[in-house]
Structure formats: structure tokens, C-alpha cells
Amino acid sequence: MMRNSVYVALSASLCLTTGSVAADLAGDYRLSMENQAGERQHLAQVEIRQAEQGYSYWIDWLEAPFENHFLSMRPFKCLPHPQRMICRLPYPYEIKRRITESDLTDLEYDLLFLHKVPGEYGINAWNGLYYVLKKSGRELVGELHETDLNVLQAPPEDGGLRPIDPMEIHPASDTLWPRRILLEPIP
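Take a look at the structure:
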């Protein structure tokens, strides 16, 4: 009988702890990019809500910081910069928009960018920017990495919702900006 009481108390304690930790990410966030000097540019609002087996999220991108460009026969929203412009690459295939505290991949896929030198014709998916996200307290911090996003030119195989190979994501050159993406809770 004592053993069952301890088991029930331990189970209840774990459930309460898990519930409080799970509620940790839910909320509204300000999504910003940060350059090497620590200057930030606000790009979007992100809403994260509890859902089955984790959280669901929505991103509301701002129009103001982006310029419209027609590159390689398609429209892009780009952030101007004198040395290297970066352009949002909306993930073109099915994505569940579900995350957990230990798996932020869907959100990473919604934060894909390409970079190019201003004045260059077109844009090359080889120049992919991928922000690897990690939880830091109540914030999510994405560190800049590079990858070849040509893999997105063809739809992934049936059931394959994550075609970007994690082994092909590499730390970025120090010359690239912005260095980080930050998702900070809105009070």
C-alpha cells in the first residue's frame, strides 16, 4: 500500500512539473534579427500556443523592414544591406507548425533565408541561411548557420516533412549577418 501511495504521489508530481514546464513556451513573442554589433531589427510577431504533444505557432511577418525583389523568376521579401542582402525563403511544402521544447525544427524551417550580394542578378539556393534554435529561459535564440537549400527545389518524398539534412548545416562565416534570430516574450 505504501509503495502505491509513493507511486501515485510521484506520478502526480511529475504531471504537475511537466505541465508547468510545458506552459513555459506558450505566449506572444517578438521576432528580431541581431547583427554583430548587437543591433536588432524587429521582423515579426510569433504566437505560440499549447497544442497536442507540444505547441503550435503562427508567424505574422511585418511588411516595413522588407523590400520586394523579383529574383530568379519569383518574388522575394528582402532585408537591404550594403554588403549582403538577405531574403526570406518561405518553406514551400507541408509543415505541421508544431514544436516542442526539444524539437524546434518546424519553426527553424519557417525562418529560412537566402543571401546575395546587392546588384547580383538572381539568387542562389546554395546560399542558404539556417538558424538553429535553442531555448534560453523563456527566449528562443537562433544561431546563424549556412546550408545548401537546393534540396527544396523538388518536393520531399511522401511522408518526409524535413528534407534538410542536419549534417549539411554548418556554422556560418563571420562575414554573414545577421548573426542571430531572437524570439523574446512580449510582456
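Residues -22 to -1, 1 to 165 in mature numbering (1 follows the signal peptide of the UniProt record, and there is no 0) are what the sequence shown lists, from first letter to last.
Cβ atoms here follow ideal geometry from the backbone N, Cα and C, with glycine treated the same way.
Quick caveat: nothing in here was measured; it's all calculated off a predicted structure.
Check	Outcome
Unbroken beta strand (DSSP E) run spanning D6, endpoints	G5 to E12
Residue closest to I142, alpha-carbon to alpha-carbon, out of I26, C65 and Y71	Y71
Sequence-distant residues of its chain with Cβ nearer than 7 Å to I77 (five each side left out)	G32, Y33, Y35, D84 and L85
Selection from E162, W155 and L161 that minimises the alpha carbon distance to L57	W155
Which of helix, strand or coil DSSP assigns to E86	helix
Which of helix, strand or coil DSSP assigns to E45	strand
Identified DSSP bridge partners for S80	In DSSP, S80 forms no bridge with anything.
Beta-carbon contacts of R62 that lie in its chain and below 8 Å, excluding the five residues immediately before and after	H93, K94, V95, P96, T153, L154 and W155
Residue from P165, M145, D2 and P134 whose Cα sits closest to the Cα of Y69	P134
Sequence-distant residues of the same chain with beta carbon closer than 6 Å to A150, five excluded per side	L122, H123 and E124
Residue closest to D126, alpha-carbon to alpha-carbon, out of A103, G137 and F44	A103
Inter-residue spacing [alpha-carbon to alpha-carbon] between S114 and E162	10 Å
Rounded C-alpha distance that separates L139 from A15	36 Å
Sequence-distant residues of the same chain with beta carbon closer than 7 Å to N128, five excluded per side	A103 and W104
CB contact flag (Q23, I164, <9 Å)	yes
Status (buried if at least 16 other CB within 10 Å, exposed otherwise) for M11	buried
Environment of D88 [buried if 16+ CB atoms lie within 10 Å]	buried
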